[in-house]
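Residue numbers for the sequence shown, in full-length UniProt numbering: 1 to 990.
All residues carry an ideal CB built from backbone N, CA and C; glycine is no exception.
Please read the structure below before turning to the comments.
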Amino acid sequence: MPNSSGAGSSHPIFVLKASSVARVHSCLAALAFVSALVVGCLCHYKQIVKNGIAGYPQEWFPSVSATIGDWYPERNIFQILIALTSGPRFGLIAIQYYYHRSKTSSLPLYVFISGIIRTLTCGGWVYITSSDDHDVHDIFMVSYIICNIPWMIGGIVCTPIHCIDVLRIRFFLSLIPLVYFFIQHKVYRIPGAYTYYAFFEWGLISLDVCFDSVAEKEFSDAQLQITLGSALQKTATADEMYQRLYRLAAALSKNTLEKSQAPKMPSKTLAAVASQPLFNWRTCMGFISNVYLSYVFWSILTALIPTLFYYSVWELGIAGQELALLSTLSPILLSIGPLAIWFKSKLGLATLHLLSFSGLMAYALDSPFHRLLVVSFATSAAVLRQVIEWSGIGDNDVSYQGILTGVGFVLSSLSKHAYYSNNPIWPFTDAKAFIFNRIGFSLAFLALLEFCWRKPAHNKGGNMAHIPPKEWSSTWSASIALGSLLFTLHNLLADSSTLIAWSWTGYRNGAPNGPVPHLHGSLTHVAQILGLLLSLSVSPVTQRLLTNPVWFFYGVGSSFVMYKYRNWTGYMGGLNFTIFAMSIIPSVLKTSASTGRQVITYFMALLVYCLFHVAGVFTVAYAFVPGGEYFRERTDLMIIVQVMCLASTFQWSGFGNSSSYYRLPAWARAYSQALLSVIAIFSFLVTLYRWPPNPTPYRQASRIINAGIWTVHFGINNIGRDSQQGIKTLLEDMQLDIVGLLETDLHRPSFGHRDLTRVAVEGLGYNVDIGPGPNSHTWGAVLLSKFPIINSTHHLLPSPHGELAPAIEAVLDVYGREVVVVVSHNGQEETPLDRELQSRELARIMAAAFPKPVIFLGYVVTKPHAERPAPYKFLVEEGLVHDIDQDDLDRWCEYILYRGLYRTAYARVSRGIITDTEMQIGQFMLPKYGSNMSNDGEQARYLRVSQNEMPTEHWFHPQYYGSQHEGGKNGHFYHVFNTPLYYQVPENVL
Numbered sequence: 001m002p003n004s005s006g007a008g009s010s011h012p013i014f015v016l017k018a019s020s021v022a023r024v025h026s027c028l029a030a031l032a033f034v035s036a037l038v039v040g041c042l043c044h045y046k047q048i049v050k051n052g053i054a055g056y057p058q059e060w061f062p063s064v065s066a067t068i069g070d071w072y073p074e075r076n077i078f079q080i081l082i083a084l085t086s087g088p089r090f091g092l093i094a095i096q097y098y099y100h101r102s103k104t105s106s107l108p109l110y111v112f113i114s115g116i117i118r119t120l121t122c123g124g125w126v127y128i129t130s131s132d133d134h135d136v137h138d139i140f141m142v143s144y145i146i147c148n149i150p151w152m153i154g155g156i157v158c159t160p161i162h163c164i165d166v167l168r169i170r171f172f173l174s175l176i177p178l179v180y181f182f183i184q185h186k187v188y189r190i191p192g193a194y195t196y197y198a199f200f201e202w203g204l205i206s207l208d209v210c211f212d213s214v215a216e217k218e219f220s221d222a223q224l225q226i227t228l229g230s231a232l233q234k235t236a237t238a239d240e241m242y243q244r245l246y247r248l249a250a251a252l253s254k255n256t257l258e259k260s261q262a263p264k265m266p267s268k269t270l271a272a273v274a275s276q277p278l279f280n281w282r283t284c285m286g287f288i289s290n291v292y293l294s295y296v297f298w299s300i301l302t303a304l305i306p307t308l309f310y311y312s313v314w315e316l317g318i319a320g321q322e323l324a325l326l327s328t329l330s331p332i333l334l335s336i337g338p339l340a341i342w343f344k345s346k347l348g349l350a351t352l353h354l355l356s357f358s359g360l361m362a363y364a365l366d367s368p369f370h371r372l373l374v375v376s377f378a379t380s381a382a383v384l385r386q387v388i389e390w391s392g393i394g395d396n397d398v399s400y401q402g403i404l405t406g407v408g409f410v411l412s413s414l415s416k417h418a419y420y421s422n423n424p425i426w427p428f429t430d431a432k433a434f435i436f437n438r439i440g441f442s443l444a445f446l447a448l449l450e451f452c453w454r455k456p457a458h459n460k461g462g463n464m465a466h467i468p469p470k471e472w473s474s475t476w477s478a479s480i481a482l483g484s485l486l487f488t489l490h491n492l493l494a495d496s497s498t499l500i501a502w503s504w505t506g507y508r509n510g511a512p513n514g515p516v517p518h519l520h521g522s523l524t525h526v527a528q529i530l531g532l533l534l535s536l537s538v539s540p541v542t543q544r545l546l547t548n549p550v551w552f553f554y555g556v557g558s559s560f561v562m563y564k565y566r567n568w569t570g571y572m573g574g575l576n577f578t579i580f581a582m583s584i585i586p587s588v589l590k591t592s593a594s595t596g597r598q599v600i601t602y603f604m605a606l607l608v609y610c611l612f613h614v615a616g617v618f619t620v621a622y623a624f625v626p627g628g629e630y631f632r633e634r635t636d637l638m639i640i641v642q643v644m645c646l647a648s649t650f651q652w653s654g655f656g657n658s659s660s661y662y663r664l665p666a667w668a669r670a671y672s673q674a675l676l677s678v679i680a681i682f683s684f685l686v687t688l689y690r691w692p693p694n695p696t697p698y699r700q701a702s703r704i705i706n707a708g709i710w711t712v713h714f715g716i717n718n719i720g721r722d723s724q725q726g727i728k729t730l731l732e733d734m735q736l737d738i739v740g741l742l743e744t745d746l747h748r749p750s751f752g753h754r755d756l757t758r759v760a761v762e763g764l765g766y767n768v769d770i771g772p773g774p775n776s777h778t779w780g781a782v783l784l785s786k787f788p789i790i791n792s793t794h795h796l797l798p799s800p801h802g803e804l805a806p807a808i809e810a811v812l813d814v815y816g817r818e819v820v821v822v823v824s825h826n827g828q829e830e831t832p833l834d835r836e837l838q839s840r841e842l843a844r845i846m847a848a849a850f851p852k853p854v855i856f857l858g859y860v861v862t863k864p865h866a867e868r869p870a871p872y873k874f875l876v877e878e879g880l881v882h883d884i885d886q887d888d889l890d891r892w893c894e895y896i897l898y899r900g901l902y903r904t905a906y907a908r909v910s911r912g913i914i915t916d917t918e919m920q921i922g923q924f925m926l927p928k929y930g931s932n933m934s935n936d937g938e939q940a941r942y943l944r945v946s947q948n949e950m951p952t953e954h955w956f957h958p959q960y961y962g963s964q965h966e967g968g969k970n971g972h973f974y975h976v977f978n979t980p981l982y983y984q985v986p987e988n989v990l
């Protein structure tokens with residue numbers, strides 16, 4: 001397969017342009033899918049758009065699987081054409097390998113292998129359709145998608161640099177799925193609709209065909225031919241491979257670059273790169289190890305505050321354990337000469353790594369206090385090790401460390417997205433999931449071994465350890481900027497759904513007003529990745545922009561939109577601020593490392609980081625801390641100060657100078673770009689995998705409604721571990737259709753930026769309204785519903801003295817009838833005026849909904865039948881509702897009230913170890929279709945019966961009978977009455 005101009009070729013028997021093979025492949029593949037779609041729509045349109053849930057007109061576009069796999073003749077036409085495509089496809093793979101292969105790089109071989117596997121798995125899902133075997137079809141489809149990752153990324157890197165147009169086309173085509181999902185979520189906002197799944201499938205197919213079709217231009221530009229006869233062979237040299245990648249990074253970042261102007265790599269630089277082969281496994285493993293160690297650092301750092309805040313939650317005030325936050329100030333130890341010398345050695349760094357891993361092993365400790373001690377020690381070691389690397393000491397290049405810090409941070413956020421918004425290696429995860437902690441520690445230990453066996457690199461230009469000290473003003477400004485950036489990343493971007501919680505306002509006309517946390521978090525990852533890609537640019541214009549005041553004002557404007565606006569507008573502001581924050585990580589770290597006073601700089605930076613955390617807690621916990629009234633609800637000032645602290649990073653005197661540019665090796669840029677691409681793709685795959693099932697009421701046939709209220713104490717159980725799995729188990733066993741969860745706003749560093757609804761929503765299938773976000777300064781309220789949410793409104797109840805109380809007012813479509821559900825968390829007994837005003841407002845909301853049925857699920861803090869100004873009579877009398885059971889006098893916090901429904905059961909379930917409050921459950925039924933309540937008097941409402949007199953569909957879970965000492969399940973049992981209470985069902989209900 002020589003170049004057509006190659007010398008030495010004999011008279012060929014047959015000559016075929018290689019580009020023709022690529023063209024035939026593209027035409028046959030496109031024809032196969034297009035013909036199947038056209039024929040299917042003409043012959044069986046309504047059949048192929050129909051699925052197990054709905055049909056036309058609700059579903060109006062067919063999926064790939066239904067189009068190619070269910071009906072004659074489209075299935076047969078497609079399979080014949082796709083069989084004809086297999087020959088050109090194998091030929092295309094072989095030609096690409098032959099053209100790209102190199103004696104010094106094994107990458108083309110791995111791309112070739114991935115291409116073969118990709119083709120075989122394609123045949124699997126083509127010829128084993130979803131109607132033949134759904135599971136096998138899905139396995140082949142997922143395998144095919146996974147194989148696309150090395151095929152596309154490897155194909156981009158292996159493409160010769162002189163084919164710069166081909167490189168650009170391939171690079172931007174690989175972003176199509178990301179842009180596509182953004183448009184689908186933003187425009188349609190209909191999670192789970194089968195039609196929109198179909199668009200993704202067809203988009204993926206189009207991407208594959210377009211990506212492979214680009215090979216035609218590559219082969220044509222290279223004038224490749226297939227000949228029968230003797231020919232000279234084109235073989236890429238090692239220098240060509242390095243030259244390709246070096247020019248690739250520069251060419252992709254300059255849209256006006258002409259082919260003839262592609263930069264030439266200096267021979268000295270080329271030799272340096274050649275000494276570290278681009279795809280040398282040691283170099284690759286070193287990069288992966290560094291990224292994983294950065295991920296471990298962020299995991300330990302973000303675990304510290306939730307671990308210590310366990311005590312603050314139980315004390316509802318300063319408990320003393322908050323001093324553990326000062327463990328982040330460990331860089332002060334570098335002021336001790338002998339210690340500093342040893343810490344900066346390779347042995348010292350390895351020791352610090354090993355000591356920090358103790359935080360990963362803290363999961364094995366049962367005592368919350370012991371875990372806190374170990375995590376504090378691990379944080380101290382991790383921060384100390386990290387600032388040594390940030391300072392550019394020894395083999396550590398500051399720019400490279402900046403990129404590693406950003407990539408590790410994104411990887412930490414991705415791991416939370418994949419694991420129900422929990423970092424799987426946190427020491428306080430659920431006890432049943434310790435396997436992830438063990439895996440995390442094992443990988444960290446392997447990364448440490450690689451670090452120890454790594455040959456020393458020659459750091460040229462990156463070592464900042466011996467630069468002369470600058471003015472003190474530069475030191476202070478650099479410290480403040482770094483501390484502010486660390487807090488900004490931790491506070492806003494540690495979890496992909498935090499920005500969505502900031503913008504969330506509920507539902508309107510049956511659809512969310514904005515992005516949904518468990519479905520749109522991938523867009524946050526895309527923004528983070530785009531910001532890091534900007535910082536990776538080799539373009540002088542881009543690098544000047546990132547240090548120019550214009551970019552700073554872009555960040556200021558984005559933060560204003562993020563704070564001021566809600567729904568998609570506010571979230572878009574947050575995404576732009578994300579791009580800004582991630583893009584300046586290397587420049588902020590480089591500025592901090594260049595002060596010449598590393599100890600003071602990093603100590604002050606971590607002190608600023610701690611002060612921001614304290615101030616952030618006080619904006620919400622003002623009722624429980626001395627002087628908290630000065631910080632009350634001042635997140636606006638927090639944002640302003642955070643952003644202003646970053647101003648010193650920018651070159652206010654002009655466009656900056658060359659000293660601010662990033663001089664990363666080509667391999668570092670290439671590895672970073674490839675890994676970031678994989679993270680983006682994997683984030684979307686996780687979203688698809690975690691897509692929640694369609695909500696269906698548990699007892700739909702009997703039209704029963706089970707509603708519960710539970711104060712879940714910020715998702716941290718009584719032994720200091722995450723409680724999501726325990727919450728989900730009880731919700732499932734009690735078959736709750738409507739759930740009010742309180743103390744649920746966990747999108748703060750104090751609680752680990754967790755979404756307490758993820759396990760229940762993704763595991764059980766609920767519609768969810770997460771209530772007022774963290775910028776509303778409440779402790780949080782959540783509504784989970786098996787019924788469609790038509791509309792929902794968030795209320796901030798009057799709170800002149802105490803904590804700000806949240807409420808959710810939602811209209812649900814319950815078996816075809818609108819039912820109003822109110823979930824609220826009132827203030828404490830220390831603020832009687834607050835409770836009175838809040839109760840009056842809740843009563844007004846419920847009365848205004850008359851005559852619609854109402855279910856109130858709330859935390860009230862009052863004794864039953866207490867006289868005004870206690871909340872009870874305000875709610876019951878002015879709200880026009882009934883108590884779930886007025887004879888139950890043993891209540892204080894939680895209450896269920898109702899109107900316009902028949903109450904058929906009432907249960908109280910003990911808290912177990914999940915929280916400090918029980919769960920209360922009310923069971924209801926609607927009146928007959930077209931009728932209202934026929935007898936709402938007290939006598940009719942209190943016709944008590946035993947469980948055996950009720951139809952079995954009304955019974956509660958039998959395993960929860962027992963006591964604290966025996967019986968029950970997971971520590972939960974029916975208490976107070978030792979059994980659920982049942983009430984006779986009126987005859988006219990059925």
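Asked	Found
Beta-carbon spacing of Leu81, Ser26 below 8 Å	no
Spatially closest choice to Ala478 from Ser415, Ser114, Trp691 and Val599, by CA coordinates	Val599
Proximity to Met970 [Cα-Cα], best of Ile738, Ser824, Arg911 and Gln920	Inspection of the sequence shows that residue 970 is occupied by Asn rather than by Met. Selected option, being the one with the closest Cα: Arg911.
Inter-residue spacing [alpha-carbon to alpha-carbon] between Ala249 and Gln543	Bear in mind that the predicted position of Ala249 carries a pLDDT of just 46, short of 50, making it too unreliable to give a figure here.
Coarse secondary structure for Ala593, derived from DSSP in three states	helix
Sub-8 Å separation of Ser503 and Gly574 beta-carbons	yes
Coil, strand or helix - Ala250 by DSSP	Bear in mind that the predicted position of Ala250 carries a pLDDT of just 48, short of 50, making it unreliable; the figure below should be weighed with that in mind. In this structure, Ala250 counts as helix in the three-state DSSP scheme.
Pair within 8 Å by beta-carbon distance, Glu809 and Val822	yes
Arg696 burial status per 10 Å Cβ neighbour count (16 or more: buried)	At residue 696 the sequence reads Thr, which differs from the Arg that was named. When all chains shown are included, Thr696 counts as exposed.
C-beta contact flag for Phe631 and Tyr622 at 8 Å	yes
Candidates His794, Ala805, Leu731 and Pro800, of which the one nearest Leu784 by Cα	Leu731
Trp342 versus Leu530: straight-line alpha-carbon distance, rounded	38 Å
Same chain, Cβ closer than 7 Å to His972, five either side skipped, listed in chain order	Leu730, Val909, Ser910, Gly912 and Tyr960
Val550, buried or exposed, once every other Cβ within 10 Å from all chains shown has been counted against 16	exposed
Bridge partners - Ser824, DSSP secondary structure assignment	Ala807 and Gly858
Where Gln886 falls: helix, strand or coil (DSSP)	coil
Lys786 in three-state terms, based on DSSP	coil
Residue burial classification, Val541 (beta-carbon count within 10 angstroms, cutoff 16)	exposed
C-alpha distance - Arg716 paired with Thr793, whole-angstrom precision	One point to set straight first is that residue 716 is Ile, not Arg, in the sequence displayed. If I take the Cα positions, the gap works out to 27 Å.
Residues sharing a beta bridge with Met638, DSSP	Met638 pairs with nothing; no bridge assigned.
CB contact flag (Asp495, Ser587, <8 Å)	no
Cβ contact (3+ pairs, closer than 8 Å) linking the stretch 447-455 and the stretch 279-298	yes
Member of Tyr872, Phe714 and Pro150 whose CA lies at the smallest distance from the CA of Asp916	Phe714
Rounded C-alpha distance that separates Phe977 from Thr302	43 Å
Where Pro864 falls: helix, strand or coil (DSSP)	coil
Boundaries (first-last residue) of the beta strand (DSSP E) holding Phe924	Met919 to Met925
Three-state class that DSSP yields for Glu966 in the structure shown	coil
Val739 (DSSP reduced to helix, strand or coil)	strand
Contact under 8 Å by Cβ, Thr505 with Arg438	no
Distance between Phe441 and Val620 (C-alpha atoms, nearest Å)	35 Å
Three-state secondary structure assigned by DSSP to Tyr609	helix
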